[in-house]
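Engineer: This is the structure I want to talk about, given as structure tokens.
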Amino acid sequence: MSAIQHLVRPQVLALQSYDLPPAGDGIRLNANESAWRGENDRYSPGLNRYPDAYPQWLSARLAKLFQVAPEQVVVTRGSDEAIDLLLRLFCREGVDEIIVCPPTFAMYKVYAQVQGAGVTEVPLDAGKGFGLDADKVLAACQPNTRLLFLCSPNNPTGQLLDEQAVLGLAQALLGRAVVVVDEAYVEFADRPSLIGQLERTPNLVILRTLSKAYALAGARLGAMVASREITDLFRRIVPPYALATPVLEAADALLDVQSLQSVEKRIKQVRQLREDLAAELATIRTVRKVWPSDANFLLVSLDNAAGVSAACASRGILVRDFSRHPDLPDCLRFTIGTPEEQSALLACIREQANG
Ligand SMILES: Cc1ncc(COP(=O)(O)O)c(C=O)c1O
Numbered sequence: 004m005s006a007i008q009h010l011v012r013p014q015v016l017a018l019q020s021y022d023l024p025p026a027g028d029g030i031r032l033n034a035n036e037s038a039w040r041g042e043n044d045r046y047s048p049g050l051n052r053y054p055d056a057y058p059q060w061l062s063a064r065l066a067k068l069f070q071v072a073p074e075q076v077v078v079t080r081g082s083d084e085a086i087d088l089l090l091r092l093f094c095r096e097g098v099d100e101i102i103v104c105p106p107t108f109a110m111y112k113v114y115a116q117v118q119g120a121g122v123t124e125v126p127l128d129a130g131k132g133f134g135l136d137a138d139k140v141l142a143a144c145q146p147n148t149r150l151l152f153l154c155s156p157n158n159p160t161g162q163l164l165d166e167q168a169v170l171g172l173a174q175a176l177l178g179r180a181v182v183v184v185d186e187a188y189v190e191f192a193d194r195p196s197l198i199g200q201l202e203r204t205p206n207l208v209i210l211r212t213l214s215k216a217y218a219l220a221g222a223r224l225g226a227m228v229a230s231r232e233i234t235d236l237f238r239r240i241v242p243p244y245a246l247a248t249p250v251l252e253a254a255d256a257l258l259d260v261q262s263l264q265s266v267e268k269r270i271k272q273v274r275q276l277r278e279d280l281a282a283e284l285a286t287i288r289t290v291r292k293v294w295p296s297d298a299n300f301l302l303v304s305l306d307n308a309a310g311v312s313a314a315c316a317s318r319g320i321l322v323r324d325f326s327r328h329p330d331l332p333d334c335l336r337f338t339i340g341t342p343e344e345q346s347a348l349l350a351c352i353r354e355q356a357n358g
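With this note's numbering, letter number 99 in the sequence shown gets 102, and the count goes up by one each step, no holes.
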């Protein structure tokens, strides 16, 4: 058994693959679909037909976008689903555990709890700009640790994790655990994805999403990118027909050359607006700290954060309030919006500061 197989749940290793009815354009009397389209069905193929069980063309196009081989990409319903499936692939209920580094994206812990896996927390070091404490992470790794979830750039703090620390951890954990780097916001960062490191780091998994820079949050599309061995094992538990025909249509439209060029432009714009917002916030008396950001949001520490959040809400401006979060007292997170949305936000914070 390989070092990776050794970490996989035995139930998954024993799974027999489900026998899917063959797809095709002939007379389809093999899947109990309706032979008739619905009244307002404008899709091709019609919504009366099941979509591709596993649309390989989409993995191939995402692979091109991410610059890896098609077999290294598995498309999921948002990266959320990839997190859930990784937990189900590697963690035995009541036996195995994961390591997370808070403050970070909450869903790693939630899906671990759903799966009945333990969660060990090794906090990021707030005093060192929310940096990763690699020694503490290594010390926390137990024989039943299966997954280490790292988020880079990290949500909600905004910064990239140190690349050498992440890769050093992956090396140190070879044969002991899989290191998952969630790169939901990497398109907004100065440094490229760690996807280029997959070849020499067999226990590395990268999560990508089309929900942020690619503006497709409503379509629910993400990807798990890893070695062929890990993607083969992961595919065993991906449900068939999960990606609906309208979603596949949205992905097809996004991935044409022109749309991708407009994504590039938008990323530049978001990065500029992020700097503009940070500079404006820094001039406000009640703002104590604007954390540097590699993402499409800013984490901000300010006086009376809960009051500011409530004042924003009363004007219909929704911000993320972390003021009661033990690691982020007095912090709010602002997503980068349009220039008009940012002006409205700044006006509200200034009013609170002067009131
Ligand atoms: C770090 C991180 N990972 C994953 C996700 C989930 O993304 P998706 O829409 O692809 O499920 C989010 C959503 O906010 C996120 O912040």
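Beta carbons are placed, not taken as given, at the ideal position from N, Cα and C, and that holds for glycine.
Residues near ligand 1, CB to any non-hydrogen atom under 5 Å, in chain order?
Structural biologist: Gly81, Ser82, Asp83, Phe108, Cys154, Asn158, Asp185, Ala187, Thr212, Ser214 and Gly225
Engineer: Going by alpha carbons, who is nearest to arginine 336 out of Leu348, Ala356 and Val184?
Structural biologist: Leu348
Engineer: Between the beta-carbon of aspartate 185 and the beta-carbon of phenylalanine 133, is there less than 8 Å?
Structural biologist: no
Engineer: To the nearest angstrom, how far is it from the Cα of arginine 223 to the Cα of leucine 89?
Structural biologist: 17 Å
Engineer: Report the rounded CA-to-CA distance for glutamine 272 versus alanine 187, giving the unit in angstroms.
Structural biologist: Our two residues, glutamine 272 and alanine 187, have alpha carbons roughly 18 Å apart in a direct line.
Engineer: If distances are taken between C-alpha atoms only, which option among Val311, Asp259 and Glu343 comes closest to leucine 65?
Structural biologist: Asp259
Engineer: Report the three-state DSSP secondary structure of leucine 207 (helix, strand or coil).
Structural biologist: Strand.
Engineer: How far does the beta strand (DSSP E) with lysine 131 in it reach, from first residue to last?
Structural biologist: Where lysine 131 is concerned, there is no enclosing beta strand (DSSP E), given that its DSSP letter is neither H nor E.
Engineer: What span of residues does the alpha helix (DSSP H) with phenylalanine 237 cover, start to end?
Structural biologist: 231 to 238
Engineer: Closest to proline 13 by CA distance: which of Arg239, Ser326, Thr341 and Asp324 is it?
Structural biologist: The residue from Arg239, Ser326, Thr341 and Asp324 with its alpha-carbon nearest to that of proline 13 is Arg239.
Engineer: Using the Cα positions of leucine 170 and threonine 204, report the straight-line distance between them to the nearest angstrom.
Structural biologist: 8 Å
Engineer: Closest to glutamine 59 by CA distance: which of Gly81, Ala254 and Val182 is it?
Structural biologist: Ala254
Engineer: To which residues does DSSP link valine 76 through a beta bridge?
Structural biologist: Residue pairing by DSSP puts valine 76 in a beta bridge opposite Val228.
Engineer: Am I right that proline 192 and aspartate 297 are in contact with their C-beta atoms under 8 Å? What's the rounded C-beta distance?
Structural biologist: Per the sequence presented here, residue 192 reads as alanine, with proline not at that position. About 4 Å separates the Cβ atoms of alanine 192 and aspartate 297, confirming a contact at the 8 Å cut-off.
Engineer: Quick check on lysine 131: buried or exposed, where buried means 16 or more other Cβ atoms within 10 Å of its Cβ?
Structural biologist: Around the Cβ of lysine 131, a 10 Å sphere holds fewer than 16 other Cβ atoms; the residue is exposed.
Engineer: I'd like the ranges of any alpha helix (DSSP H) spanning at least 4 consecutive residues and lying wholly in the segment 24 to 98.
Structural biologist: 59 to 69 and 81 to 93
Engineer: Taking the alpha-carbon of proline 48 as reference, which of Asn33, Ala26 and Ser62 has the nearest alpha-carbon?
Structural biologist: Ala26
Engineer: Measure the CB-CB distance between leucine 92 and valine 182 and report whether it falls below 8 Å.
Structural biologist: No.
Engineer: If you compare alpha carbons, which of Asp235, Pro105, Asp306 and Gly340 is closest to isoleucine 7?
Structural biologist: Asp235
Engineer: What whole-angstrom Cβ distance do cysteine 94 and alanine 63 have, given they're in contact under 8 Å?
Structural biologist: No, cysteine 94 and alanine 63 are not in contact; Cβ-Cβ is about 30 Å, not under 8 Å.
Engineer: Determine whether the beta carbon atoms of proline 243 and alanine 56 lie at a separation below 8 Å.
Structural biologist: yes
Engineer: If you drop the 5 nearest sequence neighbours on each side, which residues of the same chain put their C-beta closer than 7 Å to that of alanine 175?
Structural biologist: Within the same chain, alanine 175 has close Cβ partners Leu141.
Engineer: Taking 8 Å as the threshold, find out whether the segment 322 to 330 comes into contact with the segment 278 to 294 through three or more Cβ pairs.
Structural biologist: no
Engineer: Please classify proline 159 as buried or exposed, where buried requires at least 16 other C-beta atoms within 10 Å of its C-beta.
Structural biologist: buried
Engineer: When the Cα atoms are used, what is the spatial distance from leucine 68 to asparagine 307?
Structural biologist: 43 Å
Engineer: In whole angstroms, give me the CA-to-CA distance for leucine 207 and isoleucine 198.
Structural biologist: 9 Å
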